[in-house]
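K.L.:
Residue numbers (the numbering used here), protein chains in the order written: chain A, 14 to 209; chain B, 14 to 209.
We put the CB at the ideal spot given by N, CA and C, even for glycine.
Protein chains: 2
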Amino acid sequence: MARPRQYNHDTLRIQVIKAAKLLLEEGGPTALTARALAKSVRTTPGTIYNLFDGMSGVLQEVNRQALVDLARLVDGVGDSEPRARLLALAEVYVGFMLDRRAVWRAFFEGPRITGVFPDWYLAQIDGLIDRIAQPITALEPKGDPRLLAEQLLLSVHGIVALAAIERLDLITRQKPMDLAHAAVERMIASIRAGAE
Amino acid sequence: MARPRQYNHDTLRIQVIKAAKLLLEEGGPTALTARALAKSVRTTPGTIYNLFDGMSGVLQEVNRQALVDLARLVDGVGDSEPRARLLALAEVYVGFMLDRRAVWRAFFEGPRITGVFPDWYLAQIDGLIDRIAQPITALEPKGDPRLLAEQLLLSVHGIVALAAIERLDLITRQKPMDLAHAAVERMIASIRAGAE
DNA sequence: CAACGTTAGTGAACGCTGTTCAATAATGGT
DNA sequence: ACCATTATTGAACAGCGTTCACTAACGTTG
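If you want it as structure tokens, here you go:
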């Protein structure tokens with residue numbers, strides 16, 4: 014077995030991912046190139062391709078970690094009453110992405126998104142939706158809580174997707190957080206209205 | 014003055030835009046390249062740059078026409094009672110983009126989006142929001158109809174943005190149209206709940 | 001009618017991109 | 001000490017947006 018001259022395989026992988034995040038945050042999606050990435054960790058494009066399945070692979074790993082981080086934050090939301098909980102979840106989601114616009118953007122954008130998603134990807138998202146469905150269930154809606162959770166997530170996603178590309182102001186002057194709150198309140202109001 | 018050998022300036026511009034739409038629809042955002050575009054209209058990349066301000070210029074023109082088309086469709090929605098009208102507007106919006114995913118996608122995506130938007134762009138969007146605010150006003154909400162219209166548009170945009178990149182199924186199995194309907198109904202329900 | 005000046009159109013060239021792969025160098029096992 | 005294995009390299013390829021010296025066609029003018 015021939016091992017690298019100076020670095021450990023896994024260590025390098027971690028460094029590459031960290032560098033990728035940095036490049037994204039600093040220069041946007043276009044700044045994340047194979048050569049820039051290689052230079053960041055003092056190696057060459059070829060090595061990147063040895064560690065990852067192309068640039069899509071790097072991006073997918075960045076995305077994976079972002080999802081994991083988000084899940085951790087979401088799990089940190091204490092279980093208070095449903096309304097406060099939903100508002101807190103929305104705040105976590107919006108705040109998370111405001112802090113990492115570029116990474117979040119790379120999620121949904123660009124020619125690099127493969128088309129086929131690994132299972133952990135779907136499972137992670139599924140888990141997040143469940144955390145939303147939970148407090149909604151407590152509100153005893155007429156419809157399926159899961160479907161309502163999906164709808165609420167999509168509403169907030171609409172805000173976040175535009176904010177991530179710095180285009181929210183094309184539509185409104187309202188702040189992302191306020192908009193997310195409004196979406197939550199509207200969901201609650203419509204559930205309560207339908208319940209009686 | 015020297016005029017082109019075989020084509021008229023404006024005619025060529027129109028042909029280029031039509032070709033750009035076609036390339037987008039057939040091969041997605043990555044298929045819209047200067048060389049492919051040039052070949053489509055039997056000319057050269059240089060000429061494209063003569064007619065437009067780079068590829069961003071081409072894309073912006075495609076977007077402009079899409080917005081104009083959408084405005085025309087929106088204006089075609091008859092003014093029935095508020096609920097029916099809002100549902101019809103949502104249907105137009107969603108249906109419009111399902112028909113032109115790639116063009117719609119090019120709106121929000123890619124390294125080509127310039128950052129600065131011409132006035133007609135903002136005015137066009139403003140007009141669309143007004144059409145949504147109109148029936149909402151008729152519902153006599155407690156809050157500003159304009160702000161509510163923006164919120165509703167964002168909710169539907171969340172659906173459309175994911176559907177455009179074929180990623181809606183990551184979150185839900187519900188159909189775009191049903192989701193849009195739900196968003197409208199929720200807005201109406203929450204207004205009615207808040208009004209009494 | 002011919003020559004001119006203007007200008008639309010051309011396509012080679014530049015620097016960039018992702019990606020591949022033969023060659024190299026370094027190492028663990030024998 | 002040698003060998004077989006393999007991570008690493010960096011040159012090379014095709015394609016990208018974009019620029020620009022050049023060509024060729026045209027309306028105008030003499």
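With H, G and I counted as helix, E and B as strand and the rest as coil, what does DSSP make of GLN164/B?
P.N.:
Helix at GLN164/B.
K.L.:
Three or more beta-carbon pairs under 8 Å between the stretch 73-81 of chain B and the stretch 193-205 of chain A, yes or no?
P.N.:
Touching, no, given that fewer than three Cβ pairs across the two stretches are closer than 8 Å.
K.L.:
Against chain A, with Cβ distances strictly below 8 Å, would GLY140/B count as a contact?
P.N.:
Chain A, which has no Cβ nearer than 8 Å to the Cβ of GLY140/B, makes this no.
K.L.:
State the start and end residues of the unbroken alpha helix (DSSP H) segment that holds GLY70/B.
P.N.:
Here the alpha helix (DSSP H) through GLY70/B covers 67-88.
K.L.:
Could you spell out where the alpha helix (DSSP H) holding GLN113/A opens and where it closes?
P.N.:
According to the sequence as given, residue 113/A is Arg; it is not Gln. Counting along the chain, ARG113/A falls outside any alpha helix (DSSP H), and DSSP gives it neither H nor E.
K.L.:
Residues of chain B with CB closer than 8 Å to the CB of MET110/A, please, in chain order.
P.N.:
By Cβ distance, chain B contributes nothing, its closest Cβ being about 13 Å from MET110/A, past 8 Å.
K.L.:
Roughly how many angstroms separate the alpha carbons of ALA146/A and ALA97/A, rounded to a whole number?
P.N.:
Using only the alpha carbons, I get a separation of about 14 Å.
K.L.:
My parser needs the alpha helix (DSSP H) runs of 4 or more residues fully inside the stretch 15-57 of chain A; what are they?
P.N.:
Here the runs fully enclosed are 22-40, 47-53.
K.L.:
Does ILE149/B come within less than 8 Å of chain A when only Cβ atoms are used?
P.N.:
Closer than 8 Å: no.
K.L.:
So if I threshold CB-CB distances at 9 Å, which residues from the stretch 168-187 of chain B count as touching chain A?
P.N.:
So the list reads SER168, VAL169, HIS170, GLY171, ILE172, VAL173, ALA174, LEU175, ILE178, GLU179, ARG180, LEU181, LEU183, ILE184, THR185, ARG186, GLN187, given in the order they occur along the chain.
K.L.:
Need the endpoints of the alpha helix (DSSP H) that ARG144/A sits in, please.
P.N.:
132-151 is the span of the alpha helix (DSSP H), which, as asked, contains ARG144/A.
K.L.:
Run through DSSP, which three-state label would GLY91/A get?
P.N.:
If DSSP states are grouped into helix, strand and coil, GLY91/A belongs with coil.
K.L.:
Whose C-alpha, out of GLU39/B, GLY41/B, GLU38/B, PHE65/B, is nearest the C-alpha of ALA51/B?
P.N.:
Minimum Cα distance to ALA51/B is reached at PHE65/B.
K.L.:
Within its chain, find whatever has a CB closer than 6 Å to the CB of ILE204/B; leave out the 5 residues flanking it on each side and keep chain order.
P.N.:
Correct list, in chain order: LEU152, PRO154.
K.L.:
On the CB-based measure, 16 or more other CB atoms within 10 Å of its CB, does ALA177/B come out buried or exposed?
P.N.:
With 16 or more Cβ atoms within 10 Å of its Cβ, ALA177/B is classed as buried.
K.L.:
Anything in chain A within Cβ reach of LEU83/B, meaning under 7 Å, just list it in chain order.
P.N.:
Chain A residues near LEU83/B: none, gap ~14 Å exceeds 7 Å.
K.L.:
Look at the alpha carbon of GLY207/A and the alpha carbon of ARG159/A, and state the distance between them as a whole number of angstroms.
P.N.:
If I take the Cα positions, the gap works out to 16 Å.
K.L.:
Quick check on ARG186/B: does DSSP put it in helix, strand or coil?
P.N.:
DSSP places ARG186/B in coil when its eight states are reduced to three.
K.L.:
With a threshold of 8 Å on Cβ separation, who are the neighbours of ILE61/B within its own chain once the five nearest residues in sequence on each side are excluded?
P.N.:
Here the set comprises VAL29, ALA47, LEU50, ALA51, MET68, VAL71.
K.L.:
Measure from the C-beta of GLY207/B to each C-beta in chain A and report whether the shortest distance is under 8 Å.
P.N.:
Closer than 8 Å to some Cβ of chain A, the Cβ of GLY207/B qualifies, so yes.
K.L.:
Quick one: grab the DSSP three-state call for ILE61/A.
P.N.:
DSSP places ILE61/A in helix when its eight states are reduced to three.
K.L.:
Counting C-beta neighbours from all protein chains within 10 Å, is the total for THR57/A 16 or more, i.e. buried, or is it exposed?
P.N.:
By the neighbour-count rule (16 or more Cβ atoms within 10 Å), THR57/A is not buried but exposed.
K.L.:
In or out: LEU135/A buried (at least 16 other Cβ within 10 Å) or exposed?
P.N.:
LEU135/A should be labelled exposed.
K.L.:
Specify the secondary structure class of GLY207/A as computed by DSSP and reduced to three states.
P.N.:
GLY207/A: helix per DSSP, three-state reduction.
K.L.:
For PRO189/A, collect the residues of the same chain with a Cβ closer than 6 Å to its Cβ; drop the 5 residues on either side in sequence, then sort them by chain order.
P.N.:
Contacts found: VAL107, ILE172, ALA176.
K.L.:
Could you run through the stretch 186-202 of chain A and flag, in chain order, every residue whose CB is less than 8 Å away from some CB of chain B?
P.N.:
Here the close residues are GLN187, LEU192, ALA195, ALA196, GLU198, ARG199, MET200, ALA202.
K.L.:
Mind listing the chain A neighbours of GLU74/B? Cutoff is C-beta to C-beta under 9 Å, in chain order.
P.N.:
Within chain A, no residue comes near GLU74/B; the closest Cβ sits about 18 Å away, beyond 9 Å.
K.L.:
Comparing C-alpha positions only, which one of ILE184/A, ARG144/A, ALA33/A sits nearest to VAL90/A?
P.N.:
Looking at the Cα atoms, ARG144/A is the closest of the given residues.
K.L.:
Does any C-beta atom of chain A lie closer than 8 Å to the C-beta of GLU104/B?
P.N.:
It does not: the Cβ of GLU104/B has no partner Cβ on chain A nearer than 8 Å.
K.L.:
Under 8 Å, Cβ to Cβ, is there at least one residue of chain B near GLU39/A?
P.N.:
Closer than 8 Å: no.
K.L.:
Report the neighbours of LEU166/B on chain A: residues whose CB is nearer than 7 Å to its CB, in chain order.
P.N.:
What LEU166/B touches in chain A: ILE184.
K.L.:
Using a Cβ-Cβ cut-off of 8 Å, state whether LEU135/A counts as contacting chain B.
P.N.:
Closer than 8 Å to some Cβ of chain B, the Cβ of LEU135/A qualifies, so yes.
K.L.:
Using the beta-carbon count (16 or more within 10 Å), is VAL129/A buried or exposed?
P.N.:
Looking at its Cβ environment, which holds fewer than 16 other Cβ atoms inside 10 Å, VAL129/A is exposed.
K.L.:
Strictly under 8 Å for the Cβ-Cβ distance: is PHE65/B near chain A by that measure?
P.N.:
Judged by the 8 Å Cβ criterion, PHE65/B is not in contact with chain A.
K.L.:
Can you find a C-beta in chain A that's less than 8 Å from the C-beta of GLU153/B?
P.N.:
GLU153/B does not count as touching chain A.
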